[in-house]
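Q: The following block contains the structure, expressed as structure tokens.
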Amino acid sequence: MVVAIKTLPKERYFLPGSAACQGCPEAMGLRYVGMALGKKAIIVVPAGCTSVIQGLAPGCSVNLPVLNVPFASADAVASGLAAAKEIVGEDAVVIVWAGDGATADIGFGPLSGAAERNDNIIHICVDNEAYMNTGIQRSSLTPYGAWTTTTWTGKKEAKKELPLIMIAHKVPYVATASIGYPTDFTQKLRKAASIKGFKYIHLHAPCPTGWRFDPSKTVEIARLAVETGMWILFEAEKGKVRISPFSKPYADKSKRKPIEQYLRLQGRFRGITKEDIRILERMVDEAWETLLKLT
Amino acid sequence: MVIKSLTGNYAVAWAVKLAKVKVIAAYPITPQTTIVERLSEFVERGLLDAKMIRVDSEFSALAATWGAAAGGVRAFTATSSHGLLYMHEVVWWVAGSRIPLVMAIVTRTIGPPWNIWTDHSDIMDQRDTGWIIMMAEHNQEVLDSVIQLYRITEDPRVYLPGMIGLDAFILSHTTEPVDIPSQELVDSYLPPRRQPYVMTIKEPLIMGNIPADLKWNMKMRWDMHVSLIRAKEVIEEADREWYKLTGRSYGGLIECYKCDDAKIYVIGMGAWVGDMRDAVDRLRDEGYDVGLIKVRFIRPFPDDKIASVVKNAKLCIVFDRSISAGSAGPLFLDVTSHIHRYGINVPVVNVLAGLTGLDVTSTEISYVVKKIYDSFEKGELRNNIVWYFGGDELWW
Amino acid sequence: MSEYVKYLPLAKPKIGVAGKTGSWRTEKPIYDPSKCIKCDLCWLYCPEGTINVGVSKNEYVRIDYDYCKGCGICANVCPVKAINMVPER
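Protein chains in written order, with this note's numbering: chain U, 3 to 297; chain E, 1242 to 1637; chain W, 161 to 249.
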């Protein structure tokens, strides 16, 4: 069920005048969540950029029910909330909207717990590849070679492969998405909402402030990530991977744009060496290899 | 009226069942485990219509319990010691969110070293959080109080979460005869759940984003404090109504035993209050005008009640089963600072005893009280904070 | 709510929680209706949702300059360069 742009609802579930930076991918992502699910969504938001993007109470830039929660607790809170909604017979889609930290680091335990229990929630990891809200510190989702305020000479460790980890949890639905491809993301959201059990969507969210690029280029960089093969759009159900249409061409290595096109637009990769680029290219190849084996 | 032999933990489970709790999320820790095991059994045998979420940690336990409560249903969790410390962040968050729920704490000391026995360190560590905090003396009170806490916390005058402490092993694993009230009785006592707001798709309500006005934020803290003060009346009411239905009263915030003509007051919380009762009887037989103040609730602190009892006392002896290291026992600190607010100048002595599970018998309690009082009478009281290690080992 | 509990950490949706964020702009998107192919991509990608489409026959796109932060994404994604960024004031 392909989603056509013209069919996406115009109702605003994210309101203008938010506290988001110019060109913010999280603001975009929240608009797409609203477009995909509308009034069915209840969003659980742990500490992260979106905690601040909501703006100052008693106002809020999000036009949906939102429960702000302690940093590591989102998946556990969502599990309890989903249980309550089922008990009271409310047809709600409980969503966790969590960044790097709340997904891969401080929130990793509760995430794994909710996945293992197959609790009926959708965990969206809005991945801007660092702890952006606290000022661009590295996370386990920061890519190799990237500058952050705690990796001044570039991160030495590889990006933790959350989607694969979630596939290994054998949950009903795992997908990757990108704010550069909203029709793909909204389609995946609706698909996830139609499944009972634990669903995981990993949303690539290029951040102008933290990655050091002009805010007009958020979409361009998100697309380059896919076009270079560095970000792979796919779905996995019952452990079987399906590469999404927008990423399919790049299964063929020769079709991928050179990764320098993606890297050179970002100030965070300014210090990258030729050797680093080779390492990153190898990582891209390996990622594709692994994923294609699961198809 | 059905009397069963129940451990404190099973009494908790029975109360949760009678309160028709809908979601339970808990993580095992000795000595709380049998609460959750019995509740699992109730649920799986169809005796309790609830969802059990077998969470991955205590942090997740309170988070999930709160998520369910915020979603509109009655929820429950239980923990002890390190588990309580692990969920401490969420303990604060729950109170500030004003969503009522009930938690049982099987009070256990804190390591290192590893130690599963009782003291009150874990629950006393939560005093600042904005929760209603109480302790029980025996298993009947445990069962009755869990039910009462649902009524108290869900009262619109309160809207705060509540925790009840029961001493590890002494209550949790010790069998006593407990009357289990009928479902009809509990249904007539507990109104349907109320809460200040619900997370629902029916309206776009947001909880917890950054406040524009810090004065408004500070007023939320004031509101929590004032709600706890208002809870005193709700607690007394809850006790009176329970008495009408069951014939059992616990005195509300405090219970006074042999206080009418007392000149010396023994003050304490928790299971060992039972031993203090025996000690008081023994001392009375020996001619000491001793009375007992059983403090049931430390939050809200029953300042006015305690002040009115001790105002003409000669001496108060507060027994603490935990220490705010570098200062004094928490109950002692609350008692002395609050009676001072009432202009009461009665000497108060703090006895630190039973920490880390070291057993304290009622004979030892009467020994300590006598020792202290006799020294006091002779004007030889070396210190008013004294540590007791059993036998005749008093460290001044 | 409750007549007793007066101060709760609650909020309601509101446009302009961060004020009139149009004041953040250093560049302003200018729309040229004559080039517009009505693809809706500018509406789709605007992070704030300040772009309305289908407004009228002559003016398919309308940008809410009270809140547009001037990020330039609309100009960047427009396939026919119907939106262009000009310096603010």
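From the three backbone atoms N, C-alpha and C, an ideal C-beta is built for every residue, glycine too.
The beta strand (DSSP E) spanning LYS172/W covers which residue range?
A: By one-based count along the third sequence, residue 172/W stands at place 12. Per DSSP, LYS172/W belongs to the beta strand (DSSP E) from 170-173.
Q: For ARG1339/E, does the count of other Cβ atoms within 10 angstroms reach 16, so buried, or fall short, so exposed?
A: The residue you call residue 1339/E lines up with position 98 of the second sequence. Answer is buried; the Cβ neighbour count reaches 16.
Q: Please determine, among SER53/U, SER246/U, GLU288/U, the residue with the shortest C-alpha to C-alpha distance to TYR133/U.
A: As a position in the first sequence, residue 133/U is number 131, starting the count at 1. The shortest C-alpha separation from TYR133/U is found at SER53/U.
Q: Any idea what DSSP makes of ASP129/U, helix, strand or coil?
A: Here residue 129/U refers to the residue found at position 127 when the first sequence is read from its first residue. Looking at ASP129/U - three-state DSSP - the assignment turns out to be strand.
Q: At a CB-CB cut-off below 8 Å, which residues of chain E make contact with ALA178/W?
A: Here residue 178/W refers to the residue found at position 18 when the third sequence is read from its first residue. None at all; the shortest Cβ gap to chain E is about 10 Å.
Q: Check each residue of the segment 1577-1592 of chain E: if its Cβ is closer than 7 Å to any Cβ of chain W, include it; give the result in chain order.
A: For the segment 1577-1592 of chain E, which is checked against every Cβ of chain W, not one residue is closer than 7 Å.
Q: Residues bridged to MET1344/E by DSSP?
A: Working through the second sequence from its first residue, we reach residue 1344/E at position 103. THR1318/E, MET1404/E.
Q: For GLU288/U and chain E, any beta-carbon pair shorter than 8 Å?
A: Here residue 288/U refers to the residue found at position 286 of the first sequence. Not closer than 8 Å to any Cβ of chain E, the Cβ of GLU288/U fails to qualify, so no.
Q: Any C-beta of chain W sitting closer than 8 Å to the C-beta of ILE44/U?
A: Here residue 44/U is taken as the residue at index 42 of the first sequence, counted from 1. By this cut-off, ILE44/U is not an interface position.
Q: Does any residue of chain U bring its CB to less than 8 Å from the CB of GLU1462/E?
A: Along the second sequence, read from residue 1 onward, the residue named residue 1462/E stands at position 221. According to the sequence as given, residue 1462/E is Arg; it is not Glu. With 8 Å as the cut-off, ARG1462/E does not count as an interface residue toward chain U.
Q: Just grab the DSSP bridge partners of MET1293/E for me.
A: For the purposes of this step, residue 1293/E is taken as residue 52 along the second sequence, with counting starting at 1. Paired residues: ILE1265/E.
Q: Helix, strand or coil for SER63/U, going by three-state DSSP, please let me know.
A: Here residue 63/U refers to the residue found at position 61 when the first sequence is read from its first residue. Of the three classes helix, strand and coil, the one that applies to SER63/U here is coil, per DSSP.
Q: Checking contacts by CB at 8 Å: is LYS250/U closer than that to chain W?
A: Numbered from 1 along the first sequence, position 248 holds the residue referred to as residue 250/U. So, not an interface residue.
Q: Which word fits GLY1352/E, buried or exposed, when buried means at least 16 other C-beta atoms lie within 10 angstroms of its C-beta?
A: Counting from one through the second sequence, the residue named residue 1352/E turns up at place 111. Classification of GLY1352/E: exposed, given that the 10 Å Cβ count is below 16.
Q: For TYR1629/E, report the span of its alpha helix (DSSP H) as first-last.
A: Working through the second sequence from its first residue, we reach residue 1629/E at position 388. Run containing TYR1629/E: none in the alpha helix (DSSP H); it sits in the beta strand (DSSP E), 1626-1629.
Q: Is the segment 1424-1436 of chain E in contact with the segment 26-33 of chain U, if contact means three or more CB pairs nearer than 8 Å?
A: Short answer: they don't touch.
Q: Counting only Cβ-Cβ distances shorter than 7 Å, please list the residues of the segment 1384-1413 of chain E near chain W, keeping chain order.
A: If the cut-off is 7 Å between Cβ atoms, the segment 1384-1413 of chain E has PRO1397, ARG1398, TYR1400 near chain W.
Q: Pull up the distance between the alpha-carbon of VAL79/U and that of ALA1453/E, whole angstroms please.
A: Taking the first sequence and counting its residues from 1, the one referred to as residue 79/U is at position 77. Taking the second sequence and counting its residues from 1, the one referred to as residue 1453/E is at position 212. Going from the Cα of VAL79/U to the Cα of ALA1453/E covers about 25 Å.
Q: Once the 5 residues before and after VAL1439/E are set aside, which same chain residues still bring their CB inside 6 Å of it?
A: Residue numbering aside, residue 1439/E sits at position 198 when the second sequence is read from its first letter. Within the same chain, VAL1439/E has close Cβ partners GLY1313.
Q: What three-state label does DSSP hand SER1246/E in the structure shown?
A: The residue given as residue 1246/E occupies position 5 in the second sequence. SER1246/E falls in the strand class under three-state DSSP.
Q: Please go through the same chain and pick out, in chain order, the residues whose beta-carbon is closer than 6 Å to the beta-carbon of ALA49/U, but skip the five residues on each side of it.
A: The count along the first sequence starts at 1 and reaches residue 49/U at position 47. The answer, listed in chain order, is PHE73.
Q: Quick check on MET1440/E - is its C-beta less than 8 Å from some C-beta in chain W?
A: Here residue 1440/E is taken as the residue at index 199 of the second sequence, counted from 1. Chain W, which has no Cβ nearer than 8 Å to the Cβ of MET1440/E, makes this no.
Q: Which residue from ASN236/W, ALA242/W, ASP224/W puts its Cα closest to that of LYS180/W?
A: The residue you call residue 180/W lines up with position 20 of the third sequence. The residue with the shortest Cα to Cα distance from LYS180/W is ASP224/W.
Q: Considering just the uninterrupted stretch of the alpha helix (DSSP H) at ASP1544/E, what are its terminal residues?
A: Position 303 of the second sequence, counting from 1, holds the residue named residue 1544/E. ASP1544/E -> alpha helix (DSSP H) spans 1544-1551.
Q: Determine the chain E residues that contact ALA171/W at a beta-carbon separation under 9 Å, and present them in chain order.
A: Within the third sequence, residue 171/W is the residue found at index 11, counting from 1. Correct list: LEU1446, ILE1447, MET1448, GLY1449, ASN1450, PRO1452.
Q: With a Cβ-Cβ cutoff of 8 Å, do ILE1470/E and PRO1541/E count as a contact?
A: One-based indexing of the second sequence puts residue 1470/E at position 229. One-based indexing of the second sequence puts residue 1541/E at position 300. In contact: ILE1470/E and PRO1541/E (Cβ atoms closer than 8 Å).
Q: Within this structure, are the beta carbons of CYS127/U and LEU164/U separated by less than 8 Å?
A: Your numbering for residue 127/U matches position 125 in the first sequence. Your numbering for residue 164/U matches position 162 in the first sequence. Cβ atoms of CYS127/U and LEU164/U: closer than 8 Å.
Q: For the pair the segment 1458-1469 of chain E and the segment 1480-1490 of chain E, tell me if three or more CB-CB distances fall below 8 Å.
A: Flag = no, the segment 1458-1469 of chain E and the segment 1480-1490 of chain E do not touch.
Q: Please determine, among PRO1402/E, VAL1419/E, GLY1249/E, ALA1569/E, the residue with the shortest C-alpha to C-alpha distance to ALA1311/E.
A: Locating residue 1311/E in the second sequence gives position 70, counting from the first residue. Ranking the options by Cα distance to ALA1311/E, first place goes to PRO1402/E.
Q: Going along chain E, which residues have a C-beta under 7 Å from TYR227/W?
A: Residue numbering aside, residue 227/W sits at position 67 when the third sequence is read from its first letter. In chain order: nothing, as chain E lies at least about 18 Å away.
Q: Based on the DSSP output, what are the partners of SER1468/E in its beta bridges?
A: Position 227 of the second sequence, counted from the first residue, corresponds to residue 1468/E. Answer by DSSP bridge pairing: none, since SER1468/E is not bridged.
Q: Starting from ASN212/W and walking both ways along the beta strand (DSSP E), at which residues does that stretch end?
A: Here the question's residue 212/W lines up with position 52 in the third sequence. 211-213 is the extent of the beta strand (DSSP E) around ASN212/W.
Q: Please report the straight-line C-alpha distance between HIS1414/E and PRO1272/E, rounded to a whole angstrom.
A: Locating residue 1414/E in the second sequence gives position 173, counting from the first residue. Locating residue 1272/E in the second sequence gives position 31, counting from the first residue. The straight-line gap from Cα to Cα measures roughly 8 Å.
Q: Quick one: using the 10 Å Cβ neighbour count with 16 as the cut-off for buried, is ILE190/W buried or exposed?
A: Here residue 190/W refers to the residue found at position 30 of the third sequence. Exposed, since its Cβ has fewer than 16 Cβ neighbours within 10 Å.
Q: Can you check whether the C-beta of ILE97/U is within less than 8 Å of a C-beta belonging to chain A?
A: In summary, chain A is missing from the structure at hand, where the protein chains are U, E and W.
Q: Hey, does ASP1297/E have any beta-carbon neighbour from chain U nearer than 8 Å?
A: Numbered from its first residue, the second sequence carries residue 1297/E at position 56. At least one chain U Cβ lies under 8 Å of ASP1297/E.
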